[in-house]
Amino acid sequence: MTRAIADDILLDLHRRMVRIRLFEETAGRLMEDGKIPGALHLYVGQEAVAAGVMVHLSNDDWITSTHRGHGHLIAKGGAFDRMFAELYGKATGYCKGKGGSMHICNMELGMLGANGIVGGGPPIAVGAAFSNRFRKTDRVACTFFGDGASNEGAFHEAANMAGLYKLPVVFVCENNGYGEFTAQSNHQAIVDVADRAAGYGMPGVVVDGMDAIAVYEAAGEAIERARRGEGPTLLECKTYRFFDHVGVRGMGLAYRSDDEVAYWRTRDPIPRLEQQLAEQDILSTEAAMAVHAEVTREVEAGVRFAEESPLPDPSALLEDVYA
Amino acid sequence: MAEAQQQPRKLPYVAAITDGVREVLKEQDNAFVIGEDVAGAGSVYGYYKGLLEEFGPDRIYDTPISEEGIMGVGVGAAATGCRPIVDLMFMDFIGECMDEIANQLAKMRYMFGGHARLPVTVLTMAGAGASLAAQHSQSLEAWLCHLPGLKVVMPSTPYDAKGLIIAAARDDNPVFVVLNKVSLAMTGEVPEGAYEVPIGQAAVLREGRDYTIVATGRMVHEALKAAEQLAELGLDTEVIDPRTLQPFDTATVVDSVRRTHRVMIVHEAVRHGGIGAEIAATIQEEAFDYLDAPVARVGAPFSPVPFSPALEAHYVPDAERIVAEAKRQLGL
Ligand SMILES: Cc1ncc(C[n+]2csc(CCOP(=O)(O)OP(=O)(O)O)c2C)c(N)n1
Ligand SMILES: [Mg+2]
Numbered sequence: 026m027t028r029a030i031a032d033d034i035l036l037d038l039h040r041r042m043v044r045i046r047l048f049e050e051t052a053g054r055l056m057e058d059g060k061i062p063g064a065l066h067l068y069v070g071q072e073a074v075a076a077g078v079m080v081h082l083s084n085d086d087w088i089t090s091t092h093r094g095h096g097h098l099i100a101k102g103g104a105f106d107r108m109f110a111e112l113y114g115k116a117t118g119y120c121k122g123k124g125g126s127m128h129i130c131n132m133e134l135g136m137l138g139a140n141g142i143v144g145g146g147p148p149i150a151v152g153a154a155f156s157n158r159f160r161k162t163d164r165v166a167c168t169f170f171g172d173g174a175s176n177e178g179a180f181h182e183a184a185n186m187a188g189l190y191k192l193p194v195v196f197v198c199e200n201n202g203y204g205e206f207t208a209q210s211n212h213q214a215i216v217d218v219a220d221r222a223a224g225y226g227m228p229g230v231v232v233d234g235m236d237a238i239a240v241y242e243a244a245g246e247a248i249e250r251a252r253r254g255e256g257p258t259l260l261e262c263k264t265y266r267f268f269d270h271v272g273v274r275g276m277g278l279a280y281r282s283d284d285e286v287a288y289w290r291t292r293d294p295i296p297r298l299e300q301q302l303a304e305q306d307i308l309s310t311e312a313a314m315a316v317h318a319e320v321t322r323e324v325e326a327g328v329r330f331a332e333e334s335p336l337p338d339p340s341a342l343l344e345d346v347y348a
Numbered sequence: 031m032a033e034a035q036q037q038p039r040k041l042p043y044v045a046a047i048t049d050g051v052r053e054v055l056k057e058q059d060n061a062f063v064i065g066e067d068v069a070g071a072g073s074v075y076g077y078y079k080g081l082l083e084e085f086g087p088d089r090i091y092d093t094p095i096s097e098e099g100i101m102g103v104g105v106g107a108a109a110t111g112c113r114p115i116v117d118l119m120f121m122d123f124i125g126e127c128m129d130e131i132a133n134q135l136a137k138m139r140y141m142f143g144g145h146a147r148l149p150v151t152v153l154t155m156a157g158a159g160a161s162l163a164a165q166h167s168q169s170l171e172a173w174l175c176h177l178p179g180l181k182v183v184m185p186s187t188p189y190d191a192k193g194l195i196i197a198a199a200r201d202d203n204p205v206f207v208v209l210n211k212v213s214l215a216m217t218g219e220v221p222e223g224a225y226e227v228p229i230g231q232a233a234v235l236r237e238g239r240d241y242t243i244v245a246t247g248r249m250v251h252e253a254l255k256a257a258e259q260l261a262e263l264g265l266d267t268e269v270i271d272p273r274t275l276q277p278f279d280t281a282t283v284v285d286s287v288r289r290t291h292r293v294m295i296v297h298e299a300v301r302h303g304g305i306g307a308e309i310a311a312t313i314q315e316e317a318f319d320y321l322d323a324p325v326a327r328v329g330a331p332f333s334p335v336p337f338s339p340a341l342e343a344h345y346v347p348d349a350e351r352i353v354a355e356a357k358r359q360l361g362l
């Protein structure tokens with residue numbers, strides 16, 4: 026740690042990560058049991074990224090997310106009952122059951138939606154950053170996107186405009202080494218996505234995405250820079266998804282080795298932070314377990330709420346097509 | 031020993047796609063497959079499984095997630111002598127590559143005064159009903175049919191999937207093969223070896239004297255179910271699958287309407303501005319004096335595809351809705 030971080034921030038980081046982990050583990054189980062329809066892209070393994078960035082943001086700061094979006098919404102303060110209800114396709118969900126996992130959002134929390142289109146987020150975040158400046162606020166926008174998404178033209182156009190206009194936006198690349206079943210080395214000729222920042226006149230920073238404190242510090246600098254009006258940053262977080270591309274076990278394709286998955290699991294960001302906090306007497310093992318237990322109850326209550334909630338009425342089909 | 035009885039071979043739709051692409055790769059040395067997760071993974075729906083092993087990495091390529099780039103490779107490679115099979119994983123992602131499609135692929139030959147040939151085959155997956163929400167469920171074939179220079183086919187059966195893929199790949203024009211994700215497990219007869227389902231030729235799947243239903247893609251099967259129910263009401267119903275939307279087999283449809291005098295068009299895409307509107311207009315132009323009732327259309331309501339199965343069930347047309355609309359149309 027390069028500078029002292031307040032205890033409450035460290036505890037906040039920890040709780041946000043635990044909330045993501047336990048929500049996602051349950052959501053994955055419910056999907057594979059057939060209780061949640063459609064496809065879930067789970068965030069397990071990447072929690073340090075969402076938590077480390079979101080701790081710096083208020084509800085007035087915007088984020089855009091991806092198909093792997095639950096973690097971003099949870100870290101931004103998403104409520105489990107409304108989230109599970111959305112995944113179940115219930116009327117009480119954040120999107121009234123119309124969006125599901127891939128479009129889950131909450132505008133009040135500053136979350137401009139998960140996105141079914143890879144590369145869909147960065148241009149929208151640049152628009153939000155433009156709006157922040159146009160409306161003379163000091164708010165920022167953060168856009169999360171994958172290593173795979175960094176090959177979409179949309180990302181490059183957005184990054185160029187952000188660099189040109191020095192917009193208050195942070196490009197957070199979650200490099201988990203794969204786009205679906207294609208390894209990074211088979212989809213781009215570079216190792217660090219952050220190298221692309223040079224082409225757009227912004228700093229490119231690489232950080233260990235399995236280290237919540239490292240992400241917190243690097244994100245803090247990028248976000249402060251954006252707030253000061255000094256322009257965008259491309260922050261690349263090297264991370265890993267522990268589950269398959271879709272669901273937990275997924276399609277069972279042999280695109281990555283068991284050894285590789287096992288190696289990354291040894292770098293699990295949650296036990297790592299818990300150990301750091303225990304060593305510094307900030308969070309005892311018992312206290313950490315209490316957080317897990319508390320969040321587990323929150324998950325259970327969320328699932329119960331979702332299961333007991335009504336399905337949308339067919340009349341809702343044609344609502345909200347226009348304002 | 032008893033004569034070995036030659037049973038017709040049955041395959042699921044997903045394997046019929048593979049079989050069609052396999053025949054093309056065998057037949058055309060300058061054909062290759064290119065797209066996201068098509069080689070190593072065999073596509074997210076598995077319809078290229080085994081082709082990497084069979085044909086090697088020079089014939090099937092995984093790409094970055096760069097649809098505009100991928101479609102551009104298709105255009106440039108086709109213009110210079112290859113016969114690319116471009117995979118667009120979900121039809122919804124057409125937005126990412128629409129410039130290459132609309133402004134390059136569709137028009138290049140014309141703009142160049144006929145001095146270019148664009149034999150690109152695009153395979154793409156459409157259709158709702160899998161709880162995949164608004165950006166992974168659309169049927170956007172009307173967008174393509176509006177572009178002069180493109181051909182568009184929509185196989186509803188395993189037999190047609192294979193035969194139309196082969197016909198598309200043999201065609202010297204860009205052809206979009208719009209596949210249906212909910213039909214992947216459906217089985218049907220698929221002969222061995224190469225055969226074509228001719229582009230521009232409809233199939234009459236059920237003959238009838240009283241009523242005609244023209245249905246596309248997965249809706250063909252709903253129309254056939256509906257025809258059974260309508261038969262019970264005394265309406266002997268003919269079901270036509272155009273199979274190709276562009277160029278359209280007007281003759282087969284008009285001939286049927288001239289005999290039955292009443293017609294409905296069914297597709298899964300949003301009804302408003304869908305291909306059904308074009309077909310209805312053509313029918314009234316060609317068979318106005320033969321019509322005993324207004325042309326009916328069944329399609330999706332005017333909204334994006336909802337996620338919740340409770341809403342999606344009311345979104346995608348089905349046999350029940352077809353029958354209800356026929357009753358309304360005919361005052362039954
Ligand atoms: C425009 C577009 N192309 C393709 C897809 C299909 N798809 C969904 S997720 C994905 C991989 C994305 O990889 P990455 O950006 O690295 O994110 P990760 O899944 O690793 O979190 C692909 C190809 C899509 N949803 N949108
Ligand atoms: Mg990735």
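The listed protein sequences correspond, in order, to chains A and B.
The first sequence maps to residues 26 to 348 in my numbering.
The second sequence maps to residues 31 to 362 in my numbering.
Beta carbons are placed, not taken as given, at the ideal position from N, Cα and C, and that holds for glycine.
Euclidean distance between Cα positions of residue i and residue j
i, j, result
"Gly50 of chain B", "Lys192 of chain B", "4 Å"
"Ser96 of chain B", "His212 of chain A", "10 Å"
"Asp338 of chain A", "Lys137 of chain B", "45 Å"
"Glu185 of chain B", "Ile270 of chain B", "Correcting the residue type first, residue 185 of chain B is Pro in the shown sequence and not Glu. Taking the straight line from one Cα to the other gives about 13 Å."
"Ala73 of chain A", "Ala172 of chain B", "44 Å"
"Asp293 of chain A", "Pro228 of chain A", "28 Å"
"Asn201 of chain A", "Ala354 of chain B", "51 Å"
"Pro38 of chain B", "Ala45 of chain B", "15 Å"
"Val346 of chain B", "Ile47 of chain B", "24 Å"
"Trp289 of chain A", "Val69 of chain A", "12 Å"
"Glu242 of chain A", "Arg46 of chain A", "22 Å"
"Ala312 of chain A", "Ser161 of chain B", "40 Å"
Check: residue i C-beta below 8 Å from any heavy atom of ligand 1
i, result
"His128 of chain A", "no"
"Ala174 of chain A", "yes"
"Gln213 of chain A", "no"
"His66 of chain A", "yes"
"Glu49 of chain A", "no"
"Met119 of chain B", "yes"
"His291 of chain B", "no"
"Glu97 of chain B", "yes"
"His270 of chain A", "yes"
"Phe123 of chain B", "yes"
"Val143 of chain A", "yes"
Interface flag, residue i vs chain A, CB-CB below 9 Å
i, result
"Val394 of chain B", "Here chain B has residues from 31 to 362 only, and residue 394 of chain B is not among them."
"Leu174 of chain B", "no"
"His145 of chain B", "no"
"Gly99 of chain B", "yes"
Chain B contact for residue i (CB, 9 Å cutoff)
i, result
"His128 of chain A", "yes"
"Met42 of chain A", "no"
"Ile215 of chain A", "no"
"Met26 of chain A", "Only weak support exists for where Met26 of chain A lies, its pLDDT of 46 falling under 50; the coordinates are left without a value."
"Pro339 of chain A", "yes"
"Tyr119 of chain A", "no"
"Phe268 of chain A", "no"
Other residues of its chain near residue i: CB distance less than 7 Å, five sequence neighbours each side excluded
i, result
"Gln58 of chain B", "Arg113 and Ala199"
"Met26 of chain A", "For Met26 of chain A, the predicted structure reports a pLDDT of 46, less than 50, and the residue's modelled location is therefore unreliable. A value from the coordinates is still provided. Ile238."
"Ile61 of chain A", "Ala52, Leu55, Leu112 and Tyr113"
Residue i: CB within 8 Å of a non-hydrogen atom of ligand 2
i, result
"Glu261 of chain A", "no"
"Asn140 of chain A", "no"
"Asn200 of chain A", "yes"
"Tyr203 of chain A", "yes"
"Gly171 of chain A", "yes"
Neighbourhood of residue i by C-beta, 8 Å cutoff - its chain only, sequence neighbours within 5 removed
i, result
"Leu336 of chain A", "Gly114, Lys115, Ala116 and Gly122"
"Asp220 of chain A", "Gly229"
6 Å Cβ shell around residue i - same chain, five flanking residues per side excluded
i, result
"Ala32 of chain B", "Confidence at Ala32 of chain B is low in this model, with a pLDDT of 49, below 50, so the placement of that residue should be treated as unreliable; the coordinate-derived value is given next. Closer than 6 Å at Cβ, skipping near neighbours: no residue."
"Glu226 of chain B", "Gly193, Ile196 and Ala197"
"Leu55 of chain B", "Ala61, Phe85 and Arg89"
"Ile215 of chain A", "none"
"Gln314 of chain B", "none"
"Ala326 of chain B", "Met294, Glu355 and Gln359"
Distance between beta carbons of residue j and residue i, contact taken as under 8 Å
i, j, result
"Arg24 of chain B", "Gln231 of chain B", "Past the edges of chain B, shown from 31 to 362, lies residue 24 of chain B, and the structure says nothing about it."
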